Amino acid sequence: MNILVILKQVPDLVEELEINDDGTDLDRTWMRYIPSEYDEHALEQAILLKEEHGGTVTALCLRIGEVDDTLFTAAARGADRLVRIEGDFEGISSRDAAAVYADHIRRGNYDLVLTGVQAHDDLNGPVGARLAAQLEIPYVGVVSGMHLDPETGVIHLHKEYPGGLLTVIRTELPAVVGIQSAVKPPRYVPIAKIRQASKSAEIGEETAEPQSLTPGYTVRRVFKPEGGGRAEIIDGAPEDIAARLVSIFSEHGLVR
Amino acid sequence: MNGTDIGRSTLIGMPPWAIVLFYVLTAAALAIFTWGIVRLVRKYRMGRRAAGRRPAASELLRTFFRAIGNVTVLRDDLYAGIAHLLVLSGFVVLFIGTLIVLVDRDILRFVLPSLVFWEGDFYLGFSTFMDVFGVILLAGLLMLAVRRAFSRLPQLDYRHSFREEVSRRSMAAGDWVFLGLIFFIVIGGFALEAVRLVAVRPEFEVWSPVGWWASDILRSAGMDAGEASSWYPVFWWTHSAASLAFVAYVPWSKAVHMLLAYVSLAWKDETQNASLPAPPENEAGGYTAPTDLTWLELVGLDACIRCGRCHVRCPSSLAGMPLSPRDVILELRNHANNTLLHLRGNGNGLHRMTGDVIPEQTLWSCISCSNCATHCPVGINHVPLMVQMRRALVSDGSVDEQLQQTLVNLQRCGNAMGQSDRMRAKWTKELPFKIRDARREDVEYLWFVGDNASYDPRVQGYTRITAKLFEAAGLDFGILYEAERNAGNDVRRVGEEGLFEMLAEKNIRAFAKSRFRTIVTTDPHSYNTLKNEYPAFGAEYPVIHYTELLAALIENGHLLPVRRVGGRVTYQDPCYLARYNGLENTPRTLLDYAGVELVEMKRRGRDAWCCGAGGGRLWMEDIPAKDERPAEQRIREAAALDGVDTIVTACPKDLVMFTDAIKNVGLEGKFFVRDIAHYVWEAIEQPIPEHLEKEA
Amino acid sequence: MSISIFVIAEHLEGTLADMTFEMLGKARQLADEHGGMVTAVLAGYNVAQLAEQLGAADALILIEDELLAEFAPQPYQDVISGLIRERAPGLVMVGSTSMGLDLAAALATTLNVPMLSSCIDLSVEDDAYVVTSQLYGGKIMMETAVTAGTAIAQILPGAFRAEDGQRAGTPTLEEIPPGLHPENFRMRFENFIKPEAGDIDITQAPILVSVGRGIQTQENIALAEELAEALGGSVSSSRPIVDQDWLPVTRQVGKSGMSVKPRLYLALGISGAPEHVEGMKNADLIVAVNTDPDAPIFSVAHYGVVADIFDVMPALEERLGERVS
Ligand SMILES: Cc1cc2nc3c(=O)[nH]c(=O)nc-3n(C[C@H](O)[C@H](O)[C@H](O)COP(=O)(O)OP(=O)(O)OC[C@H]3O[C@@H](n4cnc5c(N)ncnc54)[C@H](O)[C@@H]3O)c2cc1C
Ligand code: SF4
Ligand code: SF4
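Residue numbers (our numbering), protein chains in the order written: chain E, 58 to 313; chain B, 48 to 743; chain A, 20 to 344.
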């Protein structure tokens with residue numbers, strides 16, 4: 058059982074995000090990257106599968122910002138193989154990134170690819186779905202549980218719907234799965250183990266040229282939502298307040 | 048009367064077989080004693096080497112006198128202390144007395160008869176002395192028995208704090224056996240003396256007043272010399288057997304503390320709580336099995352006499368959390384015995400030490416206040432033990448979600464709040480002057496502000512007041528801006544050693560880039576680690592607390608308190624100032640300078656009651672507690688003081704905890720918490736430098 | 020330009036999801052403004068009776084097959100991509116839902132057409148579809164204009180109002196054969212797993228009515244329960260309420276409780292201490308009611324009401340009641 062986990066670096070939202078001068082993209086000069094939250098769940102799920110069924114887990118990162126720490130952390134968690142793909146990837150879209158990943162996967166020998174269900178900067182949709190479509194293998198996303206039968210090469214995936222409802226989808230391997238949450242939340246890895254891994258684990262290096270097909274759209278404007286910082290104050294008689302609140306709720310699709 | 052007539056021989060009138068029997072029994076008792084000791088020593092040798100240095104002879108001697116002087120026992124409980132002193136001195140005197148008789152009668156008499164001295168005036172003095180100390184010993188035992196039987200003291204409540212099913216009946220019975228056995232030996236000794244004095248009645252024996260008086264009673268009850276002679280062997284054998292039994296019993300019971308407490312106290316590393324020991328070099332980097340403990344820690348476990356002093360001072364225990372330092376020690380002892388003595392190997396076998404024997408919730412309940420270790424009469428250091436076990440939990444990734452989030456925040460942003468490190472100095476924006484950047488300009492004082500004082504909106508106001516005080520005093524100071532990281536004191540106490548090291552390294556790198564002479568901290572937690580733990584990582588700078596700096600600024604005239612602020616307040620001693628670092632008076636002087644009347648709480652200084660924030664507890668999910676949280680208990684204590692409406696703190700974490708607690712006990716708007724800087728600021732009033740005027 | 024929008028309808032266990040109406044409403048509005056066609060696409064099995072709720076669309080394409088009874092990505096992708104290739108609409112609207120997240124990006128890849136996710140607004144300007152996406156956890160908006168043929172937009176739930184799309188009437192119905200290739204499918208739907216009943220998991224609740232010390236007594240918690248019911252949400256609280264044992268600890272939001280991220284967080288009589296805010300600041304919409312105009316909660320809330328909760332709660336409940344009846 059060979060599992061590939063794709064770890065994507067996304068901007069750390071703790072930092073104030075800056076927009077570039079012509080207002081069409083983020084200013085990435087000072088950007089700090091961290092692995093996407095859902096990808097950490099994907100990694101944890103991979104490790105859980107490995108613990109149950111054996112096999113290897115490979116963690117893959119495009120070089121965006123500082124990725125070695127992310128990879129070493131993956132090793133400390135239990136990843137067996139680390140791969141960093143070098144190239145000009147800052148600001149790469151999920152569509153173009155999927156092509157790079159697909160290339161790596163075609164050359165490898167993976168039974169299962171786990172990605173996070175989405176990342177907060179995926180303007181072009183989840184990378185997992187795109188990847189699977191390129192490889193023409195099955196994809197199921199929003200998965201929060203699974204049951205693998207390594208003998209038959211079949212995996213039963215628990216896909217989440219609102220209100221805690223799940224559907225079980227039976228899928229043949231190889232497949233790509235978009236993880237919403239691992240069966241158990243990612244465990245804490247102490248720094249000592251990461252440091253240890255950074256001494257003992259090796260990162261395999263590859264290079265790739267990101268393709269740049271025309272996206273089919275143009276970015277007109279990148280901006281921050283107004284407001285923020287301070288609430289918009291509603292006043293008046295209780296009835297008026299109630300009326301206004303209900304209309305706000307319905308604007309947000311919260312009441313029928 | 049001739050001096051040589053005064054005295055007596057022991058084993059009088061005994062048939063030779065009885066004498067032989069006695070020596071055989073003595074040998075057996077000594078053998079059992081030795082066997083017990085060897086067994087213990089073997090166990091201790093399975094522990095790790097203790098990191099501390101070997102105590103010098105002078106220290107060994109000093110500890111000996113402290114132990115004899117009951118210093119650690121008297122310190123916190125006068126009644127128990129006096130009772131113990133009586134028992135201890137009685138016991139020691141009688142023991143030495145017995146040795147003297149042994150030497151004189153069983154050795155000198157045969158080897159060097161000319162040197163025999165247990166006769167004449169010495170004999171008379173000796174007799175009186177022994178009788179008096181016998182009574183002293185009895186009095187002590189009686190005091191202890193009364194306390195145990197009739198007082199409802201919480202420290203004697205043996206109910207288990209985290210394992211309710213455990214019965215402590217046999218443990219309580221063991222205590223009575225210990226008391227009873229000594230009692231029986233002493234009473235038996237007096238009875239024996241009395242019977243002897245009925246049988247033979249030399250006048251000089253009035254020097255054994257108790258025996259004489261008791262023999263009078265026996266005689267008036269109708270016992271004659273003949274009867275007494277026939278009873279004598281019975282009493283003699285009973286007394287002797289009991290005494291020998293006691294000797295054999297020592298290493299197998301709590302009586303062994305007589306020996307082990309001394310070792311534990313003599314070797315105790317007093318600095319170990321303020322500066323935690325390094326992790327053991329095992330895979331977990333923490334304690335997972337009894338063999339991970341140092342030999343000294345293993346000795347400590349056995350030395351514990353379950354006095355419960357730690358138990359009644361543990362804030363978490365009193366808040367009803369599943370922790371009691373006493374029970375942790377007793378469980379560890381049990382586990383160490385079960386595994387090391389019986390199973391061999393590290394023998395963790397069925398139960399993991401960390402997690403099963405000591406449940407995770409118990410370990411996470413500790414707020415590292417060190418109130419336990421400070422008061423333990425036998426010198427046990429609980430905090431390092433707790434932290435070593437936490438290290439093993441962290442290594443396993445067994446931390447709760449909130450703590451995990453905090454640790455990740457600390458990794459990524461260097462602060463527990465998970466805010467951007469670039470925002471660390473944002474609080475300075477509202478100041479009318481700019482604080483210098485110590486990385487760019489030479490300064491005399493490097494102000495290490497700390498997380499709470501930098502980021503928490505409830506504390507920032509006080510941080511700015513402190514800044515203005517420094518500025519008003521014309522102090523040459525700067526801060527590290529975004530290069531400052533959480534100092535890591537509590538990270539280390541959570542058990543995340545690697546992260547602590549990482550934070551320390553980052554801070555130390557920032558220190559190295561800056562030019563300054565002294566570090567001044569706001570947070571007592573930072574103060575502790577910078578002062579006591581950073582030197583081991585190569586950062587040796589003088590470290591002071593801001594209260595010390597403010598006091599110095601007033602004393603040398605840079606700040607002039609011109610106004611008496613007035614009011615009645617009480618003061619909270621932060622654990623990491625008072626208990627850990629003995630800094631008690633300086634903050635009080637500040638209040639004095641400010642003209643504020645200080646009303647003390649009963650628990651203060653090294654006895655102070657913790658606010659509950661330490662050891663990373665502030666970062667974890669609540670552990671269900673049966674009673675009020677420590678901070679709330681403290682606010683009630685403070686608010687009960689006559690005419691006091693404010694608790695003054697010198698720690699940002701106290702400020703946060705008490706702000707919350709005041710609301711919780713329903714005193715919002717009636718009782719207040721303020722940082723000590725507030726009073727100094729009110730008191731100096733004039734002269735405020737011109738550029739500060741608009742703010743003030 | 021004449022609008023041509025496909026809306027991929029979503030249904031679960033025989034009921035149309037709100038998402039469908041939210042998308043239809045917006046599509047209808049654009050078609051009304053600019054002229055053109057809205058086509059609903061309904062794939063499923065025995066779902067023809069749902070057609071009568073889709074009056075907001077001009078046309079309905081119905082594709083029925085046993086393999087489409089419940090959602091599984093491959094069969095759905097198969098029929099819908101075929102359809103789009105053949106009809107080439109200007110825009111395909113897909114929900115950013117469990118179903119849409121699997122579908123949209125896969126369709127875009129297979130068809131090699133542009134796809135824009137996390138859409139919270141949609142308009143037509145200068146003959147182009149303009150999509151506003153909410154990215155980076157809501158911190159950044161990105162406005163894009165589609166330049167090429169067909170585009171796929173993945174719409175965030177709640178971006179548009181469902182009632183705008185709830186119109187009775189059956190659109191022109193066109194039934195097409197599924198033309199599935201089951202031999203190519205390497206997955207299939209197996210079964211449902213229903214959630215177990217237990218205490219409410221506030222981290223999963225879409226709407227939280229959260230009470231703080233302002234609620235004053237245990238009895239008053241019932242008022243909050245009623246309001247929560249009217250909103251279709253659950254009750255959570257700040258720590259003091261749990262300390263009083265007025266609610267179980269599973270309802271506590273904050274540093275030492277749960278971190279929640281509901282679509283609406285209604286904070287009633289909560290001051291907004293940092294320990295509390297830590298657990299709820301990421302909610303999509305935060306509305307706070309507090310008598311103290313300086314309460315820190317107002318600096319994280321999107322909307323603030325400076326009023327007594329005991330005035331606001333009944334008024335709000337009444338108002339919500341009116342809408343239902
Ligand atoms: C280590 C630590 C961990 C903590 N963890 C948590 C945690 O996980 N979760 C948590 O919530 N807290 C936590 N706290 C407590 C936190 O600091 C606050 O004390 C707590 O959140 C306050 O709760 P509150 O807002 O309900 O009460 P208050 O702060 O007392 O606020 C009550 C508010 O209600 C308003 N009000 C009163 N009456 C009315 C009315 N009739 N109408 C409208 N408004 C009214 C008042 O103006 C006030 O703003 C923690 C504290 C510490 C120190
Ligand atoms: S650990 Fe120390 S203080 Fe606690 S019960 Fe044992 S001897 Fe007493
Ligand atoms: S350090 Fe404090 S909280 Fe921890 S066990 Fe000791 S007394 Fe209890």
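All C-beta atoms in this analysis are idealised placements derived from N, C-alpha and C, irrespective of residue type, glycine included. A quick note: this is a predicted structure, and the numbers were derived from the prediction, not measured.
Helix, strand or coil at residue i [DSSP, three-state]
i, result
"residue 86/A", "helix"
"residue 204/A", "coil"
"residue 24/B", "Residue coverage of chain B in this structure runs from 48 to 743, which leaves residue 24/B outside it and unanswerable."
"residue 269/B", "coil"
"residue 56/A", "strand"
"residue 405/B", "strand"
"residue 59/E", "strand"
"residue 732/B", "coil"
"residue 138/A", "strand"
"residue 23/A", "strand"
"residue 194/A", "strand"
Which residues DSSP lists as bridging residue i, in chain order
i, result
"residue 118/E", "64/E, 141/E"
"residue 196/E", "233/E"
"residue 211/A", "224/E"
"residue 123/E", "For residue 123/E, which the question treats as bridged, DSSP gives no partner whatsoever."
"residue 274/E", "165/A"
"residue 277/A", "272/A"
"residue 576/B", "Paired residues: none, contrary to the question."
"residue 158/A", "In the DSSP output, where bridge partners are listed per residue, residue 158/A has none listed."
"residue 106/B", "Partner(s): none; residue 106/B has no beta bridge."
Residue span of the beta strand (DSSP E) that contains residue i, given as start and end
i, result
"residue 345/A", "Only positions 20 to 344 of chain A appear in this structure, which leaves residue 345/A out of reach."
"residue 229/A", "226-230"
"residue 93/E", "Note, residue 93/E: premise wrong, no beta strand (DSSP E); not H, not E."
Where residue i meets chain E, residues with beta-carbon distance less than 8 Å
i, result
"residue 408/B", "By Cβ distance, chain E contributes nothing, its closest Cβ being about 17 Å from residue 408/B, past 8 Å."
Chain-ordered chain B contacts of residue i [CB-CB under 8 Å]
i, result
"residue 287/E", "Within chain B, no residue comes near residue 287/E; the closest Cβ sits about 14 Å away, beyond 8 Å."
"residue 72/E", "467, 469"
"residue 152/E", "Correct list: empty, because the minimum Cβ distance to chain B is about 29 Å."
Contacts that residue i makes with chain A (C-beta to C-beta distance below 8 Å)
i, result
"residue 240/E", "Within chain A, no residue comes near residue 240/E; the closest Cβ sits about 14 Å away, beyond 8 Å."
"residue 292/E", "324, 325, 326"
Residue range of the unbroken alpha helix (DSSP H) whose run includes residue i
i, result
"residue 171/E", "Element bounds for residue 171/E: not the alpha helix (DSSP H) but the beta strand (DSSP E), 169-173."
"residue 501/B", "498-502"
"residue 419/B", "418-422"
"residue 651/B", "It is not in any alpha helix (DSSP H) - residue 651/B carries neither H nor E in the DSSP assignment."
Residue i: contacting residues in chain B (beta-carbon distance under 7 Å)
i, result
"residue 90/E", "Chain B residues near residue 90/E: none, gap ~11 Å exceeds 7 Å."
Neighbouring residues, chain E, relative to residue i (Cβ below 7 Å)
i, result
"residue 212/B", "By Cβ distance, chain E contributes nothing, its closest Cβ being about 29 Å from residue 212/B, past 7 Å."
Contact set between residue i and chain A, taken where Cβ atoms lie within less than 9 Å
i, result
"residue 504/B", "293, 315"
Going along the chain, which unbroken runs of the alpha helix (DSSP H) with 4 or more residues stay wholly within the segment 443-490 of chain B?
Listed in chain order, the complete alpha helix (DSSP H) runs (minimum 4 residues) inside the segment 443-490 of chain B are 448-460.
Scan the segment 507-560 of chain B and note each continuous alpha helix (DSSP H) run of 4 residues or more that stays entirely inside, going in chain order.
Correct list: 536-541, 544-560.
Segments of 3+ residues assigned as beta strand (DSSP E) that fall wholly inside the segment 253-332 of chain A:
Entirely contained in the segment 253-332 of chain A, the beta strand (DSSP E) runs reaching 3 residues are, in chain order, 253-256, 283-287, 304-309, 322-325.
Whole runs of the beta strand (DSSP E) within the segment 84-126 of chain A, excluding any shorter than 3 residues
Listed in chain order, the complete beta strand (DSSP E) runs (minimum 3 residues) inside the segment 84-126 of chain A are 110-114.
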